[in-house]
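J.:
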Amino acid sequence: MLQIRNLHARAGGMDILKGIDLSVEAGEVHAIMGPNGSGKSTLANVLAGRESIEVTQGQVLYEGKDLLAMAPEERAWEGVFLAFQYPVEIPGVSTMYLLKAGLNAIRKHRGEPELDAIEFLAMIKEKVKLVEIEQAFLNRSVNEGFSGGEKKRNEILQMAVLDPALAILDETDSGLDIDALRVVANGVNGLRSAQRSMLVITHYQRLLSYIVPDRVHVLHNGRIVRSGGKELALELEKRGYAWIEQELRRTGAGAAPGA
Amino acid sequence: MATPSAKTLEDLTQREYKYGFVTDIEAETIPRGLNEEIIRVISAKKNEPEFMLEWRLKAFRHWLTMKEPTWANVHYPPIDYQSIIYYSAPKMKKGPNSLDEVDPELLKTYEKLGIPLAEQGRLAGVAVDAVFDSVSVATTFKEKLKELGIIFCSFSEAVLEHPDLVRQYLGSVVPYNDNFFAALNSAVFSDGSFAYIPKGVRCPMELSTYFRINAADTGQFERTLIVADEGSYVSYLEGCTAPRRDTNQLHAAVVELVAHKNATVKYSTVQNWYPGDREGKGGIYNFVTKRGKCVGESSKISWTQVETGSAITWKYPSCILQGDNSVGEFYSVAVTNNRQQADTGTKMIHIGRNTRSTIISKGISAGHGQNTYRGMVKIMKGATEARNYSQCDSLLMSSTCGAHTFPYIEVKNSTARLEHEASTSKIGEDQLFYCRQRGLKPEDAVSMIVNGFCKEVFRELPMEFAVEAQKLLGVSLEGSVG
């Protein structure tokens, strides 16, 4: 499904990703954890195609295709979805309108007929239940005046509507209280399937108590320095990221860039 | 990477100006320059009654004493008023009485502009007065409107057929000495539209004027006068285009609106004059005075403008709220791309009691465009309980463009309530990326974001033109995120 090979990327004049290798199979949920500044969000954004990030080396294959050669919208059409850490506001454009335009672009790409307003509405009616939001909410301008929790729920709703094959959740738990976290996690769990892979990016373990990953990777200084099962997240929770750094220093692995 | 960068997005902006063609038609043109003789020639060509000539000459003599205003936030080389041709008209047999007599070349021109002059065409619900350079070439649905007592004709015709109405209202809202460009217009105006809606009549269709500048080195100076008598209603729309030329052309129009007791005038503009090329060469100087007077109580004047063209725009559609309980509105979208400059806004003068005004201004700047909102809200002593709400939003689409806001407020009555809101935002890579991540192409994303920004204004436009305006905005700005 997704193969990342020796991925290097620069942003703002700095090398952020320094050789990421990662494979995700269909239906798997992988968690990417790591301290602030380790490159988690950069990885999410590179995969979605943000232009301010420059890929300097490496390759990403998505369903066998060269992902990095595609424009952001082409990636969306092919089934890549990013739940943003900071969803933007678009005044005067309703979520309904944006989603319908997005979904129909994707359907068109798949050779499926576009949904008209009535069909779309019927579909939305089902999806809103998943994230426990009022349908009227979708007539409001995209994210304008939304609370942090509403913005994140809106992201998950969009994911449900667009039905991606690869969903990347960029710190979807940040800024959520425990109730909102539960709603969002339930929404995500409801979307787990054998066809859908997920990359769950988070700083904290607590999200992973709700969304139980198949694999956990620890990102540090632009590299994956440790991979394991779900128990790795618990160990990190207990011992903190400092533990990883000590480990690294002790073994000398991945110390200085280029080492 | 093969993803379109900001650079290719910028290239997308450079869509051709669709209306830049020239109609090859034999024109009757008078010599360049401006003096009393020229004014007499224009007046004579129109067989005007003496009072019109006198008025023109008074305006001209006053104009000679005036200086071109320099306070606007626009920059251009000095205009040589002696090098302009003040009158150019397509040659035709004495004033066409019906559409069948209009030169087919002209009909073709309007067809090409998307304004078919056939009464059963796409604009079947809209009466059109077509102004080509200095004269009106056709007015549709005249007879049908006449049955309701509505007068809708060219200004020249109104001067001849309805001199009393013209005499009564001409200059009653914008006096001949109002400002430099209005005085110039008063001296040399060659045509325009006139509408009179009698008492209690609701005009059943949109009235509209379509202005086309064709001849080179010619200025267009038209005047529009709309009078809505007691209890009447009219919705009026104007559109404008011009050929692509390397030299600048002057368009100095005057629009006067009069609303009597309980009358409503809704005036919408979709302005798409040639904006000049990418480097700022050529384009129309659009220096326009538009003002409405709510003479009677509970009358209403509403301006809606979508300004996407012109090299320079200088216009402030305003309302004088004289009648008690009268209402003034101004909804504006102004776009400046490439080297375009716009200094536009409104004046709301509250004189009567309980008068209310609303100002919604949306400025969009792209490329090197400079966009200025300049507005004044004036509450006079007698305007007890007057209210105003102003909202000025600016959207920046590049790092080289500019947005400026100059709101002036003058309050002489302490019971007045005024609110002002302003915002400036940049259409960011963030918004664009977000939409593209959801599957939208960059040009669709930009158009969606910009249309969202302008929504409050677009919903004020008559249905037929709201769609047009959205498309126009898409073309003017496509991919101009830099």
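Heads up: the protein sequence lines correspond to chains A and B, in order.
So the first sequence is numbered by numbering that gives the first Met the number 0: it starts at 0 and just counts up by one.
So the second sequence is numbered by numbering that gives the first Met the number 0: it starts at 0 and just counts up by one.
Just so you know, even glycine gets a beta-carbon here, dropped at the ideal spot from N, CA and C.
(1) Sort out for me which residues DSSP pairs B:Trp302 with in a bridge.
(2) Does the Cβ-Cβ distance between B:Arg222 and B:Val253 come in under 8 angstroms?
(3) From B:Ser189 to B:Gly238, what does the alpha carbon distance come to, in whole angstroms?
(4) With contact counted as at least three CB pairs below 8 angstroms, one residue from each stretch, are the segment 157 to 174 of chain A and the segment 184 to 202 of chain A in contact?
(5) Alpha carbon to alpha carbon, how far is A:Gly38 from B:Arg416?
(6) Taking 8 angstroms as the threshold, find out whether the segment 131 to 138 of chain A comes into contact with the segment 72 to 85 of chain A through three or more Cβ pairs.
(7) For B:Glu418, which of helix, strand or coil comes out of DSSP?
(8) Starting from B:Lys425, follow its DSSP beta bridges and name the residues at the other end.
(9) May I ask which residues mark the beginning and end of the beta strand (DSSP E) holding B:Val187?
(10) Check whether the Cβ of B:Arg482 lies closer than 8 angstroms to any Cβ atom in chain A.
(11) Could you check if B:Lys145 is buried or exposed, using at least 16 other CB atoms within 10 Å of its CB as the buried criterion?
(12) Drop a sphere of 10 angstroms on the beta-carbon of B:His74, count the other beta-carbons inside from all chains shown, and report buried for 16 or more, exposed for fewer.
(13) Using three-state DSSP, classify B:Ile448 as helix, strand or coil.
(14) Where DSSP assigns a beta bridge to B:Cys318, which residues make up the other side?
(15) Spell out the partners DSSP gives B:Gln339 in its beta bridges.
(16) Assuming the contact rule is C-beta atoms closer than 8 angstroms, B:Ile358 and B:Thr345 should be a hit. Round their C-beta distance to whole Å, please.
(17) Please report the Cβ distance between B:Gly451 and A:Val92, rounded to the nearest whole angstrom; I am assuming they are in contact, meaning their Cβ atoms lie under 8 angstroms.
(18) Since A:Ser140 meets chain B, which of its residues come closer than 8 angstroms, beta carbon to beta carbon?
(19) Roughly how many angstroms lie between the CA atoms of A:Ala10 and B:Thr354, to the nearest whole one?
(20) Since B:Ile359 meets chain A, which of its residues come closer than 8 angstroms, beta carbon to beta carbon?
(21) What is the DSSP secondary structure of A:Leu247, reduced to helix, strand or coil?
(22) Name, please, each residue of chain A whose Cβ falls closer than 7 angstroms to the Cβ of B:Lys454.
(23) B:Leu144 lies in the alpha helix (DSSP H); which residues open and close that run?
(24) What does the alpha-carbon distance come out to for the pair B:Val226 and A:Glu111?
(25) Inspect the beta-carbon positions of A:Gly18 and A:His29 and report whether they are closer than 8 angstroms.
(26) Residues of chain B with CB closer than 7 angstroms to the CB of A:Ser51, please, in chain order.
(27) Assuming contact is defined by CB atoms lying nearer than 8 angstroms, are B:Lys361 and B:Cys453 in contact in what I supplied?
(28) Candidates B:Val376, B:Lys66, B:Glu328 and B:Ser398: which alpha carbon is nearest B:His419's?
(29) Is B:Leu256 helix, strand or coil when you go by DSSP?
(30) Does the beta carbon of A:Ile105 come closer than 8 angstroms to any beta carbon on chain B?
(31) So that I know if they touch, is there some Cβ in chain A lying closer than 8 angstroms to that of B:Gly438?
(32) How would you list, in chain order, the residues of chain B whose beta-carbon sits under 7 angstroms from the beta-carbon of A:Phe83?
(33) Distance, Cα to Cα, B:Ala258 vs B:His61?
(34) Taking the straight line between their C-alpha atoms, what separation do you get for A:Gly101 and B:Leu439?
(35) Which same chain residues end up closer than 6 angstroms to B:Val305 when comparing Cβ atoms and leaving out the 5 residues on each side of it in sequence?
(36) Between A:Pro71 and chain B, is there a C-beta pair that is closer than 8 angstroms?
T.: To lay it out plainly:
(1) B:Tyr266 and B:Phe329
(2) yes
(3) 18 angstroms
(4) yes
(5) 52 angstroms
(6) no
(7) strand
(8) B:Leu395
(9) Run containing B:Val187: none in the beta strand (DSSP E); it sits in the alpha helix (DSSP H), Phe179 to Val187.
(10) For chain B, the structure presents residues 0 to 481; residue 482 of chain B sits outside this window and is missing.
(11) exposed
(12) exposed
(13) helix
(14) B:Gly291 and B:Met347
(15) DSSP, once it has assigned bridges, lists no residue as partnering B:Gln339.
(16) 6 angstroms
(17) 4 angstroms
(18) Gly451
(19) 55 angstroms
(20) The contacting residues do not exist; B:Ile359 stays about 12 angstroms from chain A at best.
(21) helix
(22) Gly91
(23) Lys141 to Lys145
(24) 55 angstroms
(25) no
(26) Glu428
(27) yes
(28) B:Val376
(29) strand
(30) yes
(31) yes
(32) Tyr433
(33) 28 angstroms
(34) 6 angstroms
(35) Val269, Val332 and Ala468
(36) yes
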